[in-house]
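Novice: Have a look at the structure that comes next, please.
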Amino acid sequence: MALITAVTTVGMAAMLVALDRMAGRVVRPPPRAPERSVSDLGFPHEDLEIPSGDHVLKGCIIRPTLEARPGPLILLVHGWGANHGDLLNLADPLLKAGRAVLLFDVQGHGRNAKADFVTVKHFRDDVMAVTRFAADRYPGRRLILVGHSLGGSAGVLATAMGAPLHGLVMVASPANVLEVTAGYMKDHGLPGHFLTLVLRPFWWLRLGGTYRDLVPEKKIRGLDLPMLVIQPENDRRVPMDHGLRLARAAGCELFVVSGAEHTNVLEHPEAHRALLDFLAEPTPEGRPESASSPVS
């Protein structure tokens, strides 16, 4: 009997270790250096080091011109497994339209040191740190966050926690991160729904809590700032339903980009036009934003 108990205990321990390793692999960002440089855009820029908790984030400010009236600063946030280089196709039309842009890499991504795991909570906390950094460095400036994929979801969560933002644009962003994770596993031939249930406690250990306060669809309700949801028509990573749910919960416009997919939406002219139209909307004070926005 003692032998059976010992074997059972060892077997259970081995299973728990295996599940923990699997949970860790799912939230460990693959190392991927930026394929493009900010210098490729041909605009003046300044490298930044942004404190966030016990680490520092690599970032940069890109200026459209050195002589223009101040306008809003656009914070661009990449998705999980991506980096700031993936957002340069989106930054380019903004800069050409006279919008100053702040780019950065979330911890464990891009030019930052590797991380064993990065969850939506870590994205949220880094977004919060960057918004506070920008608000402190450029007091009085309106800050507009444009987040792609998990970057948009993190923007919602950070805003709900009090991030000093004046506008929020979500591009191909999950309404529920666990649902998208399950879908990703299913697309790779795995029982996604079952695995997200089984692995959830191991992710809680890495979160330091549960996902209860990390559901964008719930947190976006009641946010009082201009918002826009941009959804690629043919997004298989974050399906249309997520865009519909976010827009419905926020009470904001859903702009569907015809023929676009999850990543190439960032270079799609329709997405650029929708974003620039959103930025041209009157401010809450009823004054249109300046089209020019240097950062000093």
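Residue numbers (the numbering used here): 172 to 467. Backbone N, C-alpha and C define an ideal beta-carbon position, used for all residues, glycine too.
(1) What I want to know is whether the C-beta of Phe-304 ends up closer than 7 Å to one or more non-hydrogen atoms of the ligand ATP.
(2) Return the CA-CA distance between Ser-320 and Met-186, expressed in angstroms with no decimal places.
(3) Under the assumption that Leu-244 contacts Ala-305 (Cβ atoms under 8 Å), give the Cβ distance between them as a whole number of angstroms.
(4) Would you report the Cα separation of Arg-458 and Leu-394, rounded to the nearest angstrom?
(5) Tell me whether Asp-287 sits in a helix, a strand or coil according to DSSP, three-state version.
(6) Please check the pair Gly-233 and Leu-212, which I expect to be a contact at CB under 8 Å, by giving their CB distance rounded to whole angstroms.
(7) Which whole-angstrom value is the C-beta distance of Arg-295 and Ala-325, which I expect to be below 8 Å?
(8) Taking only runs of the alpha helix (DSSP H) that begin and end inside the region 224 to 306, which ones reach a length of at least 4 residues, in chain order?
(9) Tell me His-319's beta-bridge partners as DSSP assigns them.
(10) Quick one: what's Pro-403 bridged to in DSSP?
(11) Please state whether DSSP places Leu-328 in a helix, a strand or coil.
(12) May I ask you to report which of helix, strand or coil DSSP gives Asp-395?
(13) Pull up the CB-CB distance for His-364 and Ala-346, whole angstroms please, since I reckon it's below 8 Å.
(14) So, is Ser-344 buried or exposed, given that buried needs 16 or more other C-beta atoms within 10 angstroms?
(15) Taking only the alpha-carbon atoms, compute the straight-line gap between Glu-206 and Leu-258 and give it to the nearest angstrom.
(16) Select from Val-348, Leu-437 and Val-409 the residue whose C-alpha is nearest the C-alpha of Val-197.
(17) Do you know whose CA, among His-433, Val-298, Ile-391 and Thr-236, lies nearest Lys-402's CA?
(18) In angstroms, rounded to a whole number, what distance separates the CA positions of Asp-220 and Ser-208?
(19) Kindly list the residues whose CB is nearer than 6 Å to the CB of Asp-218, restricted to its own chain and excluding five residues on each side of it in sequence; keep chain order.
(20) Near Val-386, what residues of its chain come up, given a Cβ to Cβ distance below 6 Å and the 5 sequence neighbours on each side ignored?
Specialist: With the structure as the only source:
(1) Among the ligands in the structure shown, none appear at all, so the ligand ATP cannot be discussed.
(2) 32 Å
(3) 6 Å
(4) Low local confidence applies: a pLDDT of 36 at Arg-458 is under 50, so the model's placement there is unreliable, and no value is given.
(5) coil
(6) Strictly speaking, residue 233 in this sequence is Ile, with Gly absent from that position. That pair is a contact at about 7 Å.
(7) So it is a contact: roughly 5 Å between Cβ atoms.
(8) 259 to 267
(9) Per DSSP, Val-342.
(10) Val-428
(11) helix
(12) coil
(13) Going by Cβ atoms, the distance from His-364 to Ala-346 rounds to 16 Å, so no, they are not a contact pair.
(14) buried
(15) 11 Å
(16) Val-348
(17) It is Gln, not Lys, that sits at residue 402 in the sequence shown. Measuring from the Cα of Gln-402, the nearest candidate turns out to be His-433.
(18) For the record, residue 220 in the displayed sequence is Glu; it is not Asp. Their backbone Cα atoms lie some 17 Å apart in a straight line.
(19) Cys-231
(20) Only Asn-347 meet the Cβ criterion.
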